[in-house]
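Residue numbers (my numbering), protein chains in the order written: chain A, 875 to 1133; chain B, 2 to 178. Even glycine gets a Cβ: it sits at the ideal position worked out from N, Cα and C.
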Amino acid sequence: MMRLAILLLMATSVVAQQPAKKTDAETKTAEKKEVKVFEAIVLKVAGKAQSRIDRKAKWQPLKINQVLKPGVVIRTGRKSMVALRVGANATLLIDRQTRIAIPTIIQDGDTLKTRVSLKWGRTEVKVNKVGRVNDFAVSTPSATLAVRGTAFRIMWDAIHGHRAHGVPGNRLRAIEVEYLRKVEAALSSSDTTSERFPLPALDAWYETYIEPLKGAFTPAELEDERLRPIDVANPLDSTGLRAGNQQRGTKQANSPDRQ
Amino acid sequence: MGFKGPGAGGWGLGALLLLAACARTQLAETEVAGAGKDELDFWDAVATVRAVSNHDALYALLLTYEIDPGADYAARVAMAKKRGWIREKDTLPEKETARTGWIAKAVCIESGIKGGVTMRVFGARERYAVNELNYRRWLPDLTPQQAMTGLQLIALLGEAEDDNTGAPTTNPEDLPK
């Protein structure tokens, strides 16, 4: 009788646990599929700084606490600076004489995905670890940087080309740079990498096909494969022009085990 | 059957071609006029040009060093002569491509760059000024007669601004190890 009671108790507990397991799985799947579009908020403005949401819009002066949607383009003048909080995990400090666009700020499942396009000028970036996978990439006319929770400064101008500096606190291979001419570099601590020569043809290709200034996408649009914004860090793969993933560095930077 | 040199017509044509090759390019328009009133519009417009005109370069220098840009081009040229950027006898045609030489000289004068021994002895001549800025890597190894692209001018003036305001250096080799 005692044995029967124990068996019954065990069976009940198994039956009771099963729906709970199913719910966890469902929650995880739902969380994976969920796409949230984030925004950026202006923390500080010094000097002359303006923004616009697309190429047809007029330039408007930036103000503190102003909320900026993905797709925003920002420009700063001489002796000017803008500080932004971008999405849930990044802070951007845009320095003088800079032109920069932020085409994507989303949370795709467990991944915080941010894309920044630096046309020229310089910016300092800090990507925090907030318990999600950081997929933060900055593209310049010469290179693309993939970053896992770290801080760095990136510059591009017509004299020195692309330059990226890490900060001393960075971990091993914290920043992975892929130059447009298919050379990869990994930065640890306060390492520096630079590329003097831009590739105007590839830059124009990026500008034409990636369309970083295209603007924000709603979650419904993101579900549609045809409207999915092209991955700036992985453009050839996302357009299907390149077979297989040859961008080893970018893939590693995105993997959760390297967080 | 000896070699016959070119006749008078041939030498004339050669001289004409040589002169044409040495002449500087005239641009269709300057960006100062088309950029509107906003300073940032002007910089955006300059960034797109493959060779900056004298007027664009002059206006950009006056903006960077916060000198009154005056009402028109003549006033700006007069200011450039007054500050020693160009010689009194020099003419700067408005739409002609700007020479790196006088731009470098203006930057050296306004930023107080004294340069090496030669520049200290002979003053901020165009050639020495360009050499000095090449040495500082503010210029990408240009010569005094070369033209500059708009983005190169913006980068050069950005370096000058950093130097004037005491901003941290942007040269990777100069950063602390």
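Among the residues facing chain A, B:I114 is not included, as its CB has no counterpart in that chain under 8 Å away. Positions of the beta strand (DSSP E) runs, each at least 3 residues long and wholly inside the region 948–993 of chain A, are given as 955–960, 964–968, 973–982 in order along the chain. Taking the beta carbon of A:I927 as reference, no residue of chain B falls within 9 Å; the closest one sits roughly 16 Å away. Here DSSP, grouped into helix, strand and coil, assigns B:N132 to helix. With the criterion set as a beta carbon lying under 9 Å from some beta carbon of chain A, the region 73–106 of chain B has no members that meet it.
Rounded to whole angstroms, the gap between the alpha carbons of B:E162 and A:E908 is 46 Å. Looking at the DSSP output, A:H1036 bridges to A:W1030, A:E1069. Per the DSSP secondary-structure output, B:S54 pairs in a beta bridge with B:T98. Comparing C-alpha distances from B:T65 to each of B:S112, B:K96, B:A52, B:A46 shows the shortest one belongs to B:S112. When Cβ-Cβ separations below 8 Å define contact, A:A1025 makes no contact with chain B. Distance from the Cα of B:K90 is smallest, within the candidate group B:E97, B:K82, B:Y60, for B:K82. Secondary structure at A:A1025: strand, using DSSP grouped into helix, strand and coil. Taking the Cβ atoms as the reference, B:T31 lies roughly 5 Å from B:D57, within the contact range of under 8 Å. Annotation for B:I87: A81, L93, W103 place their beta carbon closer than 7 Å to its own, counting only its chain and skipping 5 residues before and after. In this chain, the beta strand (DSSP E) harbouring A:I1049 covers 1049–1053. For the region 947–980 of chain A, the beta-carbon criterion of a distance under 7 Å to any beta-carbon of chain B is satisfied by R949, G951, R952, K953, R970, Q971. The beta-carbon distance between B:A48 and A:W933, rounded to whole angstroms, is 14 Å. This is too long to meet the 8 Å contact definition.
Within the same chain, Cβ atoms closer than 6 Å to the Cβ of B:L63 are found at P70, the five residues on either side in sequence being excluded.
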